[in-house]
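**Student:**
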Amino acid sequence: MLDRLLGLRWFALLMKEFRQIGRNRRLVVILVIPPTLNIILFGYALNPTVKNLRLGVVDESRTAESRELISALLESGSFQLTGEYLSADEMGNELAAAGLDIGLVIPKDLPKSAYAARQRIYNC
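The sequence shown begins at 8 in the numbering used here and counts up one residue at a time.
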């Protein structure tokens, strides 16, 4: 009984608000036009594809595996190699100066850790 009564109250309140919106044309414009414009503009302006991020690399490994990793990143089209640095501090300074969008530090033991990861995958 109480649920039915509350349901009728909500319905009456809802109908009152719709009548008020119908009486006030300016309110209809305010409620409809801005959200519609936002949806249209954001649909054209926002692009989920990430392209041409400026990549800086510190390659401490200098092995075939590290070169393969870098080339795989570049082939995706998401990154463009902006610079290769000798130390992470040097690359960090460039990141802080907004010369790079992202930095990658490849450790010396990349081949050993890549081999260990492959072994874990194949042994599972």
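Ideal Cβ placement from N, Cα and C applies to all residues, glycine included. Here the structure is a predicted model, which means the values were calculated and not measured.
In this structure, how does DSSP classify residue 88 when only helix, strand and coil are distinguished?
**Tutor:** Taking the first residue of the sequence shown as position 1, residue 88 is located at position 81. Strand at residue 88.
**Student:** Which one or two residues does DSSP pair with residue 65 in a beta bridge?
**Tutor:** One-based indexing of the sequence shown puts residue 65 at position 58. 112, per the DSSP bridge assignment.
**Student:** Measure how close the beta-carbons of residue 60 and residue 109 come, nearest whole angstrom, since I'm counting them as under 8 angstroms.
**Tutor:** The residue you call residue 60 lines up with position 53 of the sequence shown. The residue you call residue 109 lines up with position 102 of the sequence shown. Sure, about 5 angstroms apart at Cβ, within 8 angstroms.
**Student:** Using the C-alpha atoms, what's the distance from residue 37 back to residue 44?
**Tutor:** Here the question's residue 44 lines up with position 37 in the sequence shown. Here the question's residue 37 lines up with position 30 in the sequence shown. Computed Cα separation, rounded: 11 angstroms.
**Student:** Quick one: any contact between the stretch 18-36 and the stretch 45-57, if contact means 3 or more CB pairs under 8 angstroms?
**Tutor:** Touching, no, given that fewer than three Cβ pairs across the two stretches are closer than 8 angstroms.
**Student:** Using the three-state DSSP reduction, which class does residue 107 fall into: helix, strand or coil?
**Tutor:** Here residue 107 refers to the residue found at position 100 when the sequence shown is read from its first residue. Coil, per DSSP.
**Student:** Starting from residue 45, follow the alpha helix (DSSP H) in both directions and report where the run begins and ends.
**Tutor:** Your numbering for residue 45 matches position 38 in the sequence shown. Here the alpha helix (DSSP H) through residue 45 covers 32-52.
**Student:** Using 8 angstroms as the threshold, is the stretch 61-77 in touch with the stretch 13-28, meaning 3 or more CB pairs across them?
**Tutor:** The answer is no - the stretch 13-28 does not touch the stretch 61-77, with fewer than three Cβ pairs under 8 angstroms.
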